[in-house]
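Worksheet for the structure shown next.
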Amino acid sequence: MAHFKTTVHVDGMTCGHCVAAVTEELESIDGVEEVSVDLNAGGISEVTIDSDRKLKHEAISEAIAEAGYLVVDNQA
């Protein structure tokens, strides 16, 4: 069975409630198995999504927006 790992950077998360909101929205996407968040309060947090299929970036962005946050481009 295929396994995919997707990492996105999210701006504006500050606390455990933020993490829970983003996790809940992402887990509602078909195929998502696990979500982990490396919280950087007030900065850019790293969100890693484990799934059984390739996820569309738009679906991830929409789920995070639904939680009230914004996906930002990776910073070099």
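Just so we're aligned, residue 0 is where the sequence shown starts under numbering that gives the first Met the number 0, counting upward by one. Yeah, the Cβ is synthetic: ideal placement off N, Cα and C, and Gly gets one too. Bear in mind that the values here come from a model prediction, so they are computed numbers and not experimental data.
Residue 57: buried (16+ other C-beta within 10 angstroms of its C-beta) or exposed?
-> Counting Cβ neighbours within 10 Å, residue 57 comes out exposed, since fewer than 16 surround it.
Does the distance from the C-beta atom of residue 9 to that of residue 68 stay below 8 angstroms?
-> Yes, these two residues count as a Cβ contact at 8 angstroms.
Would you kindly check if the distance between the Cβ of residue 34 and the Cβ of residue 46 is under 8 angstroms?
-> In this structure, residue 34 lies closer than 8 angstroms to residue 46 by Cβ.
Within 10 angstroms of its Cβ, does residue 62 collect 16 or more other Cβ (buried), or is it exposed?
-> Here residue 62 is buried. Its C-beta has 16 or more other C-beta atoms within 10 Å.
Could you tell me the distance, in whole angstroms, from the CA atom of residue 55 to the CA atom of residue 70?
-> When rounded, the separation of the alpha-carbon atoms in residue 55 and residue 70 is 13 angstroms.
Span of the alpha helix (DSSP H) around residue 63 = In the DSSP assignment, residue 63 falls within the alpha helix (DSSP H) that extends over 56 to 65.
Could you round the C-beta distance between residue 51 and residue 1 to whole angstroms and report it? I think they count as a contact, below 8 angstroms.
-> Sure, about 6 angstroms apart at Cβ, within 8 angstroms.
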